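A short write-up of the structure that comes next.
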Amino acid sequence: MKTSLLVSFAAILLFTSCEPEKENPTPVDNSNGITLKFVGQIGGTDISKISGVSHFSKSEGERFKVSNWAMILSHVALIKDNGDTLQLGDGYQYVNYLDESKNGRTVRNIPTGRYKGISFMLGLDPGVNHDDPAKWPANHPLNGFTTGLHWGWSSGYIFHAIDGNYIKDSVSSMINGFSFHTATDKYPKQLTLNFEFDIDNTLKTAYIISNAEDIFAKPNSIKLANGSVSHSEGVAEIVLMDKLVQNIVAAFMFNKVE
Amino acid sequence: MKFSINHQQIQVFAKANWLFVVLILVTFTSCRKEDDASKNSTSTYVPTPILASDVFPREFGIPALPSDNPLTVEGVYLGRMLFFDPVLSYDSSISCGSCHKQEFAFSDPVPVSSGAFGLKTHRNTPSLFNMAYSKKFFWDLRVNNLRDLVFEPIQAHNEMAMTLPRLEGKLKNIARYKEYFNKAFGHAPNVVDMSKALEQFMLTMVSYQSRFNRFFPGDSIQLLSSSELRGAFLFNGLVNFNNGVTNGADCFHCHGGELAQQQNLNMGGFANNGLDVVHTDKGLAAIDNKSTSLGVFKTPSLLNIEKSGPYMHDGRFKTLDEVIDHYSDNVNFNSPNLHPLMDHGGIHLNLSAQQKADLKAYLLSMTDNKFLTNPAYSNPFKK
Chain A
8 MKTSLLVSFA AILLFTSCEP EKENPTPVDN SNGITLKFVG QIGGTDISKI SGVSHFSKSE
68 GERFKVSNWA MILSHVALIK DNGDTLQLGD GYQYVNYLDE SKNGRTVRNI PTGRYKGISF
128 MLGLDPGVNH DDPAKWPANH PLNGFTTGLH WGWSSGYIFH AIDGNYIKDS VSSMINGFSF
188 HTATDKYPKQ LTLNFEFDID NTLKTAYIIS NAEDIFAKPN SIKLANGSVS HSEGVAEIVL
248 MDKLVQNIVA AFMFNKVE
Chain B
5 MKFSINHQQI QVFAKANWLF VVLILVTFTS CRKEDDASKN STSTYVPTPI LASDVFPREF
65 GIPALPSDNP LTVEGVYLGR MLFFDPVLSY DSSISCGSCH KQEFAFSDPV PVSSGAFGLK
125 THRNTPSLFN MAYSKKFFWD LRVNNLRDLV FEPIQAHNEM AMTLPRLEGK LKNIARYKEY
185 FNKAFGHAPN VVDMSKALEQ FMLTMVSYQS RFNRFFPGDS IQLLSSSELR GAFLFNGLVN
245 FNNGVTNGAD CFHCHGGELA QQQNLNMGGF ANNGLDVVHT DKGLAAIDNK STSLGVFKTP
305 SLLNIEKSGP YMHDGRFKTL DEVIDHYSDN VNFNSPNLHP LMDHGGIHLN LSAQQKADLK
365 AYLLSMTDNK FLTNPAYSNP FKK
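Line by line, the protein sequences give chains A and B. Going by this note's numbering, the letters in the first sequence line up with residues 8 to 265, in that order. Going by this note's numbering, the letters in the second sequence line up with residues 5 to 387, in that order.
Below, the structure written as structure tokens:
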């Protein structure tokens with residue numbers, strides 16, 4: 008009897024002693040906060056959820072698809088009920104519309120209360136724009152290697168980039184490329200989006216949507232067949248970029264807070 | 005209630021039959037994981053840490069390094085030995101360094117390389133440096149970190165043709181590896197730590213001392229000749245046709261920055277550069293099975309490009325002149341998934357002979373002779 012008890016005891020040891028050592032679980036951050044999520048849509052679909060390069064959509068009679076869409080924001084802040092601003096962290100945000108893990112930024116420990124919008128600058132102040140990009144930590148929004156949005160050279164950062172391919176019209180099957188890189192100290196744009204929301208003790212997500220079609224259509228009609236490349240330099244390219252930046256700014260739309 | 009074992013209980017334990025003894029033995033031996041079995045943690049040796057700021061130049065910044073594999077003097081040296089040791093191949097005929105030759109920026113001066121048993125690789129051997137700044141490896145970008153990367157050539161039948169159990173067995177029987185695995189990781193030789201040691205060595209392979217890199221901040225123009233300087237403006241200028249002539253070749257979108265390589269994939273870190281209409285090598289599409297990835301390959305760095313020919317994923321171009329001719333005159337606009345910045349509205353760059361010469365001169369300024377001869381990356385078995 009005793010022997011069988013001991014055998015049982017040893018058997019229990021056998022099946023319990025092999026459990027791996029339990030590591031301390033990653034601490035769960037239950038503090039409140041807000042995630043600013045920038046969603047790029049093409050054909051009404053979140054481009055980060057489309058497998059591979061986006062499908063063709065139509066704008067100004069041309070079919071196009073997007074292979075790259077990213078931007079750098081600064082002075083990102085919440086607007087308090089009294090009109091003061093509350094900068095989120097260091098205020099910088101890198102957005103890669105094509106990557107769901109890189110189109111939002113979470114900042115925690117936000118004072119609870121009512122807020123009436125967000126503000127941010129598309130692009131960077133000149134001092135930061137021409138500073139050394141290597142000084143930022145590897146995963147910082149301004150680390151040039153991380154985002155690929157630094158020109159190299161001394162021209163500073165690309166503030167907004169949208170690239171892809173287009174087909175001129177329904178007859179043509181020729182696929183052409185387009186590339187619009189917004190840069191230089193001419194183009195930083197300060198924006199405010201007004202929408203009321205409350206910050207409580209939970210983590211909120213605010214969604215700001217841009218439609219790719221709008222970037223080529225509202226308020227300025229941009230036909231890619233008439234000009235499909237602008238890097239913010241050169242007379243003709245600046246004329247085109249001026250129009251495009253107006254459209255980019257107009258395209259930001261508050262969607263919801265949840 | 006206090007738990008204790010009295011004398012009587014000890015006697016009962018002593019009288020237990022053989023089955024009990026066996027079970028106890030099984031209990032205390034079965035919990036040793038396979039890895040643990042090969043990692044006799046007997047070492048109290050503390051490896052010497054290496055500061056990232058001592059490895060990576062200020063101009064490049066400190067990259068995101070793996071937190072679970074800190075650089076140490078012993079780990080890097082172990083990785084260097086492994087890199088150059090033919091024992092990693094099945095028949096002990098070739099090492100990593102057999103195809104990744106330092107004098108050629110750790111590439112191989114042939115279209116495709118010869119592996120164990122004389123078999124050929126499928127693609128051109130890429131150069132190796134500044135990998136700490138990359139997040140995707142191989143021409144088709146199929147691997148995300150260096151420690152996973154090393155297992156591919158080691159096990160590929162047409163490269164080192166090795167099996168991991170056989171490799172671990174070989175390493176365990178070599179005194180220097182017993183010593184250095186213990187020093188670097190506190191374990192007996194094993195393939196997991198082998199991959200981490202190789203990762204450490206490759207992370208430290210930094211090329212940053214070419215004239216191009218010294219010129220790059222833009223305030224050292226005197227370092228470049230007039231031809232190189234014209235090439236620099238051509239390289240970094242946007243395509244802008246004026247009466248059929250462009251003063252910019254727009255190389256920098258994909259090969260820009262201090263690394264001469266776009267790290268962000270969507271910004272030109274990979275591309276179809278218009279080599280073919282029909283892609284016999286699918287490139288990234290063979291990995292992700294997307295039609296949009298057909299003919300797409302990783303954009304290589306142009307640092308040390310003088311030494312890393314032949315060029316392209318299949319080594320089709322023997323010389324830099326052929327490469328420049330391709331981008332100037334021969335980009336195939338009907339190539340599926342041609343990079344958006346390469347079609348120029350269907351017009352070839354048509355660079356002049358002088359422009360081509362200037363561009364080549366600029367590319368040659370990217371050679372980092374200190375890297376190519378740095379003893380820290382050399383074969384430690386060579387006397």
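No residue lacks a Cβ here, since even glycine has one placed at the ideal position from N, Cα and C. Source: prediction; values computed, not measured.
Exercise. Cβ of A:F45 less than 7 Å from any chain C Cβ?
Worked result: You won't find chain C in this structure, because its protein chains are A and B.
For this session: Give the residues of chain A in contact with B:H343, contact being defined as C-beta atoms less than 8 Å apart.
Result: G184
Exercise. So, is A:P195 buried or exposed, given that buried needs 16 or more other C-beta atoms within 10 angstroms?
Worked result: Result: buried.
For this session: Say whether chain A places a C-beta atom closer than 7 Å to the C-beta of B:K386.
Result: no
Exercise. Would a C-beta distance cut-off of 7 Å place B:L207 and B:R218 closer than the cut-off?
Worked result: no
For this session: Measuring only between beta-carbons, confirm whether B:F133 sits less than 7 Å from chain A.
Result: no
For this session: Could you round the C-beta distance between A:L43 and A:A213 to whole angstroms and report it? I think they count as a contact, below 8 Å.
Result: Taking the Cβ atoms as the reference, A:L43 lies roughly 6 Å from A:A213, within the contact range of under 8 Å.
For this session: Give the residues of chain B in contact with A:E240, contact being defined as C-beta atoms less than 7 Å apart.
Result: L242
Exercise. Shortest alpha-carbon distance to B:R215 belongs to which of B:N373, B:A380, B:P384, B:T48?
Worked result: In this structure, B:N373 is the residue among B:N373, B:A380, B:P384, B:T48 with its C-alpha nearest to the C-alpha of B:R215.
Exercise. So, is the C-beta of B:N334 closer than 7 Å to a C-beta in chain A?
Worked result: no
For this session: Check B:V281 in the structure and name its three-state DSSP category.
Result: Of the three classes helix, strand and coil, the one that applies to B:V281 here is coil, per DSSP.
Exercise. Since A:H167 is in the alpha helix (DSSP H), which residue starts that stretch and which ends it?
Worked result: No alpha helix (DSSP H) contains A:H167, which is instead part of the beta strand (DSSP E) from 165–174.
Exercise. Looking only at its own chain, which residues have a Cβ that is under 8 Å from the Cβ of A:S239, when we skip the five neighbours before and after it?
Worked result: H188, T189, A190, T191, K193, Y194, I245, M248
For this session: Have a look at A:G50 and B:E326 and give me their C-alpha separation to the nearest angstrom.
Result: Counting only the Cα atoms, B:E326 lies some 42 Å from A:G50.
For this session: Would you please state the rounded distance, in angstroms, between the beta carbons of B:S111 and B:S97? I believe it to be under 8 Å.
Result: No, B:S111 and B:S97 are not in contact; Cβ-Cβ is about 20 Å, not under 8 Å.
For this session: Measure the C-alpha to C-alpha separation of A:L251 and A:T199 and round it to an integer number of angstroms.
Result: 19 Å
Problem set entry | Coarse secondary structure for B:Y94, derived from DSSP in three states | The answer is coil: DSSP assigns B:Y94 none of H, G, I, E or B.
For this session: Give a yes or no on whether the minimum CB-CB distance between B:P67 and chain A is below 7 Å.
Result: yes
For this session: State the DSSP-derived secondary structure class of B:D325, mapped to helix, strand or coil.
Result: helix
For this session: Measuring only between beta-carbons, confirm whether A:G50 sits less than 7 Å from chain B.
Result: no
For this session: Can you have a look at A:K56 and say buried or exposed, based on whether 16 or more other CB atoms are within 10 angstroms of its CB?
Result: exposed
For this session: Pick helix, strand or coil for A:D205, following the three-state DSSP scheme.
Result: Strand, per DSSP.
For this session: Report the three-state DSSP secondary structure of A:S81 (helix, strand or coil).
Result: strand
Problem set entry | Cβ pair count under 8 Å reaching 3, the region 112–127 of chain B against the region 247–255 of chain B | no
For this session: Check each residue of the region 138–164 of chain B: if its Cβ is closer than 8 Å to any Cβ of chain A, include it; give the result in chain order.
Result: none
Problem set entry | Between the CA atoms of B:M209 and A:G47 - distance to the nearest angstrom | 38 Å
For this session: State the DSSP-derived secondary structure class of B:L242, mapped to helix, strand or coil.
Result: coil
Problem set entry | Span of the beta strand (DSSP E) around B:R84 | B:R84 -> not in any beta strand (DSSP E); alpha helix (DSSP H) instead, spanning 77–87.
Exercise. When the cut-off is 7 Å and only beta carbons count, does A:E28 lie next to chain B?
Worked result: Any answer about A:E28 is weak, because its pLDDT of 46 lies below 50 and its placement is not dependable; what the coordinates show is given next. It does not: the Cβ of A:E28 has no partner Cβ on chain B nearer than 7 Å.
For this session: Identify, in the order they occur along the chain, each residue of the same chain with its Cβ nearer than 6 Å to the Cβ of B:D333, setting aside the five sequence neighbours on each side.
Result: H352
Exercise. What residue does the beta strand (DSSP E) around A:G124 start on, and which one ends it?
Worked result: 120–129
Exercise. In whole angstroms, what separates the C-alpha of B:M85 from that of B:P384?
Worked result: Whole-angstrom Cα-Cα distance: 6 Å.
Problem set entry | Inter-residue Cα distance where the pair is A:L156 and B:E172 | 43 Å
Problem set entry | Span separating the alpha-carbon of B:S382 from that of B:A290 | 34 Å
Exercise. Among A:G98, A:K72, A:N116, which has the Cα closest to the Cα of A:N37?
Worked result: For the options A:G98, A:K72, A:N116, the alpha carbon positioned closest to that of A:N37 is the one of A:N116.
Problem set entry | Environment of A:D176 [buried if 16+ CB atoms lie within 10 Å] | exposed
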